[in-house]
Amino acid sequence: MTQVLTDLTIAEAQAGLRDKRFSAEELALAHLHAIETLNPRLNAYLSVGHAQAVEQARAADRALAEGDTRPLLGIPLAIKDLFCTLGVRTTAGSKMLMPFIPPYESTVTANLLRDGAVFLGKANMDEFAMGSSNMTSHFGPVENPWKRRRDESAVLVPGGSSGGSAAAVAARLAMGATGTDTGGSIRQPASFCGLVGVKPTYGRCSRWGVIAFASSLDHPGPFARTVRDTAILLNSMAGHDPKDSTSADVAVPDFEKACERSVKGLRIGVPREYRSDGMPGEIEALWQQGIAWLKAAGAEIVDVSLPHTKYGLGTYYIVAPAEASSNLARYDGVRFGRRENGEDLRDLYERTRAEGFGPEVRRRIMIGTYVLSAGYYDAFYLRAQKVRALILRDFDEAFQRVDALLTPTAPSAAFALGEKMDDPIKMYLNDVFTVPANLAGVPAASVPAGLDSNGLPLGLQVITRSFDEETMFAVSAALERAAGFSALPTLRAGA
Ligand code: GLN
Numbered sequence: 252m253t254q255v256l257t258d259l260t261i262a263e264a265q266a267g268l269r270d271k272r273f274s275a276e277e278l279a280l281a282h283l284h285a286i287e288t289l290n291p292r293l294n295a296y297l298s299v300g301h302a303q304a305v306e307q308a309r310a311a312d313r314a315l316a317e318g319d320t321r322p323l324l325g326i327p328l329a330i331k332d333l334f335c336t337l338g339v340r341t342t343a344g345s346k347m348l349m350p351f352i353p354p355y356e357s358t359v360t361a362n363l364l365r366d367g368a369v370f371l372g373k374a375n376m377d378e379f380a381m382g383s384s385n386m387t388s389h390f391g392p393v394e395n396p397w398k399r400r401r402d403e404s405a406v407l408v409p410g411g412s413s414g415g416s417a418a419a420v421a422a423r424l425a426m427g428a429t430g431t432d433t434g435g436s437i438r439q440p441a442s443f444c445g446l447v448g449v450k451p452t453y454g455r456c457s458r459w460g461v462i463a464f465a466s467s468l469d470h471p472g473p474f475a476r477t478v479r480d481t482a483i484l485l486n487s488m489a490g491h492d493p494k495d496s497t498s499a500d501v502a503v504p505d506f507e508k509a510c511e512r513s514v515k516g517l518r519i520g521v522p523r524e525y526r527s528d529g530m531p532g533e534i535e536a537l538w539q540q541g542i543a544w545l546k547a548a549g550a551e552i553v554d555v556s557l558p559h560t561k562y563g564l565g566t567y568y569i570v571a572p573a574e575a576s577s578n579l580a581r582y583d584g585v586r587f588g589r590r591e592n593g594e595d596l597r598d599l600y601e602r603t604r605a606e607g608f609g610p611e612v613r614r615r616i617m618i619g620t621y622v623l624s625a626g627y628y629d630a631f632y633l634r635a636q637k638v639r640a641l642i643l644r645d646f647d648e649a650f651q652r653v654d655a656l657l658t659p660t661a662p663s664a665a666f667a668l669g670e671k672m673d674d675p676i677k678m679y680l681n682d683v684f685t686v687p688a689n690l691a692g693v694p695a696a697s698v699p700a701g702l703d704s705n706g707l708p709l710g711l712q713v714i715t716r717s718f719d720e721e722t723m724f725a726v727s728a729a730l731e732r733a734a735g736f737s738a739l740p741t742l743r744a745g746a
């Protein structure tokens with residue numbers, strides 16, 4: 252029984268709980284057992300709230316017995332350790348926040364709890380969400396539960412920065428998870444771990460209580476094993492929040508229902524600039540396959556141009572560090588988290604920040620401080636803001652002609668632990684297909700679509716107009732149906 256329960260989708264678990272085929276407590280215990288077995292190896296969770304999860308599950312069982320119909324009653328989830336959770340240590344993957352116990356709950360996690368979810372624990376991540384591999388976490392890397400067919404011994408990264416969330420859901424240590432996506436941190440790990448990952452429109456999910464990396468680019472969103480499950484989760488996570496000034500005051504449509512919409516007659520754009528030189532043949536082939544699937548489902552394929560795509564990465568790696576350097580100024584040893592005492596106040600600041608931040612975070616703060624400094628502001632930051640406006644205009648123009656865009660999610664499958672760590676630029680290049688949607692704020696999803704020759708999952712990305720997640724879900728569900736992706740990771744509960 253235990254093994255079967257962890258394989259269910261959220262939609263299946265909802266039905267099973269409603270029909271009393273199993274209890275929320277059994278469902279939670281099955282996952283907690285799986286975590287005990289596999290987490291020492293995967294390192295996907297930084298902390299597990301065993302007692303709290305059981306308590307929440309029992310409360311869900313009582314509510315279910317009374318006929319309560321809240322959508323997430325008893326559904327066990329992992330929460331990225333960037334979301335503040337009331338009374339539960341929240342570290343952002345950093346030594347700096349090791350002593351931090353938030354006195355409040357983030358809006359997104361509060362929404363999930365409101366709808367009855369059970370929180371299993373806090374998921375590992377790159378430090379302050381800076382990274383594409385989960386290797387920058389102060390608490391050590393996360394192992395991707397997928398293995399190369401020919402080299403089972405190689406340890407692969409789950410992607411990042413939401414690597415713990417992705418590994419947990421792929422290995423069946425949670426039915427779904429929250430993530431955040433500033434430049435690809437939901438979509439790229441989803442692609443590396445064979446999951447669906449959704450970055451909604453900027454402002455769709457509140458950032459309140461989510462530890463800030465780059466405020467104009469940070470997007471909370473869900474991970475799950477099916478498109479429909481991500482729609483169920485986003486329906487709970489989304490919604491206007493007066494506590495976040497950039498939260499959008501727009502209605503939240505029924506995303507689950509949107510998954511059933513036909514794509515017949517939709518116009519799907521294929522942006523020619525994403526056909527970068529040196530794109531691996533397998534990724535190009537999968538992209539062509541995706542185009543063919545949507546065509547067969549009745550969509551019309553249109554060649555489009557996003558001419559400023561080539562400036563996306565450069566723009567992102569100016570804007571994101573600039574905002575990060577400002578956001579992370581608050582960690583001074585006085586107000587939050589860790590403190591290293593010094594000779595005087597200045598010495599205290601310097602020691603605290605030198606001790607508390609890892610190398611990638613320090614690198615970003617230095618870049619950000621540099622591009623914002625008086626002599627260089629015009630040449631870098633201001634210029635990047637102008638290019639960002641051009642990138643946004645590219646999307647606006649494309650969406651006058653098409654309803655959705657189809658691209659690969661990442662230029663590679665999961666790579667090996669340690670790879671690219673000596674060369675930050677190489678690591679940054681992994682974000683080439685994901686950052687434009689963050690700069691423009693438009694919704695984008697990654698859907699598992701196939702395997703590479705090593706047997707590793709590859710994702711396709713669907714991008715739509717702002718606040719048109721419904722089309723994004725419809726196209727994603729059509730790809731999911733056509734791909735029939737059913738491969739399983741090697742390391743998973745019950746395997
Ligand atoms: N990999 C990108 C970075 O390192 C994106 C991270 C993210 O989306 N949080 O900045």
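The numbers in my numbering rise by one with no breaks, and the one at position 442 of the sequence shown is 693.
Quick reminder that beta carbons are idealized off the backbone N, C-alpha and C, glycines included.
Given residue i as reference, the closest of the options once Cα atoms are compared
i: P662; options: L579, G701, I534, G325; result: I534
i: H491; options: S624, V501, R401; result: V501
i: D480; options: R743, R269, R523, V698; result: V698
i: I326; options: F334, L315, C335; result: L315
i: R652; options: T560, I330, P522; result: P522
i: L256; options: A281, L268, Q265, K271; result: A281
i: V299; options: T260, G267, R340; result: R340
i: L484; options: G367, G565, G532; result: G367
i: F474; options: P354, N486, D719; result: N486
i: A304; options: N385, A425, G391; result: A425
i: A725; options: T477, D595, Q540, G565; result: T477
i: G415; options: Q439, K373, W397, G445; result: K373
i: E524; options: D554, A509, R458; result: D554
i: Y679; options: P740, S384, Q265; result: S384
i: G549; options: R512, S527, L564; result: R512
i: F759; options: Y296, S442, A419, F390; result: The requested residue 759 is not part of the displayed model; the chain covers only 252 to 746.
i: H301; options: E276, V585, W544, R639; result: E276
i: Y600; options: D674, R732, V408, Y582; result: Y582
i: A536; options: R399, L711, M347; result: L711
i: G706; options: Q265, E263, R292, E403; result: E403
Sequence-distant residues of its chain with Cβ nearer than 6 Å to residue i (five each side left out)
i: P471; result: V359, T431, C456, V461
i: S274; result: D312
i: T497; result: G454
i: L723; result: According to the sequence displayed, residue 723 carries Met and not Leu. Around M723: P694, A696, V713, T715.
i: S412; result: M376, D377, A380, G382, S436
i: E551; result: R518
i: D654; result: L517, R518, T722
i: P192; result: Residue 192 cannot be examined here, being either before or after the span of the chain that is shown, 252 to 746.
i: R602; result: E591, G593
i: L734; result: Leu is not the amino acid found at residue 734; the sequence shown has Ala there. Excluding sequence neighbours, A734 sits near A700.
i: A329; result: L371, A374, S416, A419, A425, A428
Assigned secondary structure, residue i (DSSP; H/G/I helix, E/B strand, else coil)
i: H491; result: coil
i: F666; result: coil
i: S298; result: strand
i: S226; result: Outside the displayed span of the chain (252 to 746) sits residue 226, for which this structure offers no information.
i: G415; result: helix
i: T715; result: strand
i: Q254; result: Its pLDDT being 46, under 50, Q254 is placed unreliably in this model, and the value from its coordinates should be taken loosely. Reduced to three states, the DSSP call for Q254 is helix.
i: R365; result: helix
i: F506; result: helix
i: D629; result: helix
i: V339; result: strand
i: T497; result: coil
i: F474; result: strand
i: F351; result: coil
i: I261; result: helix
i: I330; result: strand
i: T481; result: helix
i: A465; result: coil
Close beta carbons around residue i, own chain, < 8 Å, minus the five adjacent residues each side
i: Y567; result: G434, L468, D682, V686, N689, L690
i: L702; result: P708, L709, A738
i: V622; result: I569, P572, A573, Y628, F631, Y632, A635
i: A279; result: A304, V305, Q307, A308, G325, P327, V369, L371
i: E356; result: C335, T336, L337, L364, G460
Sequence-distant residues of the same chain with beta carbon closer than 7 Å to residue i, five excluded per side
i: S388; result: G344, N375, M376, D377, E378
i: A463; result: D469, N578
i: P350; result: G588, R589
i: A489; result: P451, R455, C456, V503
Residue i Cβ short of 7 Å to the ligand SAH heavy atom set
i: F464; result: This structure lacks the ligand SAH; the ligands present are the ligand GLN.
### Query
Taking the runs of the beta strand (DSSP E) that are 3 residues or longer, which of them lie wholly in the segment 367 to 410?
369 to 374
### Entirely enclosed beta strand (DSSP E) segments - the segment 649 to 712, minimum 3 residues
655 to 659, 695 to 702
### Message
Restricting to runs no shorter than 3 residues, where is the beta strand (DSSP E) found entirely within the segment 510 to 561?
### Response
518 to 522, 551 to 555
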